[in-house]
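Counting from 1077, one number per residue, gives the positions in the sequence shown under this note's numbering. Heads up, the beta-carbon is just placed ideally off N, CA and C, and yes, glycines get one too. Since we're looking at a predicted model, the values are computed, not measured. Notes for the one structure printed next.
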Amino acid sequence: MLQISEILCTEEMIKTRVRQLGEQISKDYEGKTLYVIGILKGAAIFMADLVREIQIPVKIDYMSVSSYGNATHSSGAVRTYRDLDMDINGQHVLVVEDIVDTGLTMDFLKNSLYLRHPASLKVCAFLDKPAKRKIHLEIEYTGYTYSGEDFLVGYGLDAAEEGRNLPYIGTFK
Ligand code: IMP
Ligand code: MG
């Protein structure tokens, strides 16, 4: 059984923040079509909520990447398991992630997507956990910043594949 020691984001907090992010993104990209790319598996739940709060036309696709290493520590090397179906050349792209920790996964993703010449490329991460950041990274849209170092679960985030379906986010002990 998964042990949650503290709840950081309640269901209500998540709902409110996702709505605000959707409003902000809709404003910023007004008159455009947005290509929203979710990073599997963690971002799938946030992504599903976020796109329904976006009021402009969107096209959605998913990528699956994983950093080598064990469950709670990334090694920095990233591998692509599933690539995009869509051609993003000349399009406005928003990459949606559950959490940015060291930043190595997102850095790899941005570099890989830039090579395909999008018109613009921004990042939306529900959680920013900067304590162990290893690389400078621009995150244009953040749900919440977590200043601690604990491992978080829920709302798409897993601990060894458990806890993704929790409607809140908590610390895992
Ligand atoms: P990064 O490359 O270190 O930024 O790690 C990014 C990936 O590691 C995220 O997409 C998550 O899948 C995973 N990750 C990092 N921190 C956590 C956490 O606290 N809980 C669950 N997954 C995490
Ligand atoms: Mg992930």
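Excluding the 5 residues preceding and the 5 following residue i in the sequence, name in chain order all residues of the same chain whose CB lies nearer than 6 Å to its CB.
{"i": "A1235", "result": "V1229, F1248"}
{"i": "T1109", "result": "P1133"}
{"i": "V1154", "result": "V1141, S1143, T1181, F1184"}
{"i": "E1087", "result": "P1243, Y1244"}
{"i": "S1081", "result": "T1247, K1249"}
{"i": "M1123", "result": "G1114, V1172"}
{"i": "E1225", "result": "A1207"}
{"i": "I1067", "result": "Absent from the model: residue 1067. The displayed extent of the chain is 1077 to 1249, so no value can be given."}
{"i": "K1103", "result": "none"}
Residue i lies in the alpha helix (DSSP H); which residues open and close that run?
{"i": "K1198", "result": "Element bounds for K1198: not the alpha helix (DSSP H) but the beta strand (DSSP E), 1196-1204."}
{"i": "I1121", "result": "1120-1127"}
Using DSSP's beta-bridge definition, name the partner residues of residue i.
{"i": "R1155", "result": "S1142"}
{"i": "L1191", "result": "L1191 is not bridged to any residue."}
{"i": "E1106", "result": "According to DSSP, E1106 bridges with nothing at all."}
{"i": "V1033", "result": "Nothing in the structure corresponds to residue 1033, since the chain is present only between 1077 and 1249."}
{"i": "A1235", "result": "E1238"}
{"i": "D1137", "result": "I1113"}
{"i": "G1230", "result": "L1233"}
Would you mind reading off the limits of the beta strand (DSSP E) that contains residue i?
{"i": "I1215", "result": "Taken as a continuous stretch (DSSP letters only), I1215 belongs to no beta strand (DSSP E), as it is neither H nor E."}
{"i": "I1083", "result": "1080-1085"}
{"i": "L1170", "result": "1168-1176"}
{"i": "I1211", "result": "No beta strand (DSSP E) holds I1211; DSSP gives it neither H nor E."}
{"i": "G1246", "result": "1245-1248"}
Using CA atoms only, rank isn't needed, just tell me which of the options is closest to residue i.
{"i": "R1158", "options": "I1113, C1085, L1233, Y1105", "result": "I1113"}
{"i": "M1139", "options": "E1225, R1095, T1156, T1218", "result": "T1156"}
{"i": "Q1263", "options": "E1106, A1120, I1121, L1116", "result": "Outside the displayed span of the chain (1077 to 1249) sits residue 1263, for which this structure offers no information."}
{"i": "D1204", "options": "E1216, K1135, M1162, A1195", "result": "E1216"}
{"i": "V1176", "options": "S1223, E1238, V1127", "result": "S1223"}
{"i": "R1093", "options": "G1239, E1238, L1233, T1218", "result": "T1218"}
Between residue i and chain C, is any beta-carbon pair separated by less than 9 Å?
{"i": "I1121", "result": "Chain labels in this structure do not include chain C; a single protein chain is all it has."}
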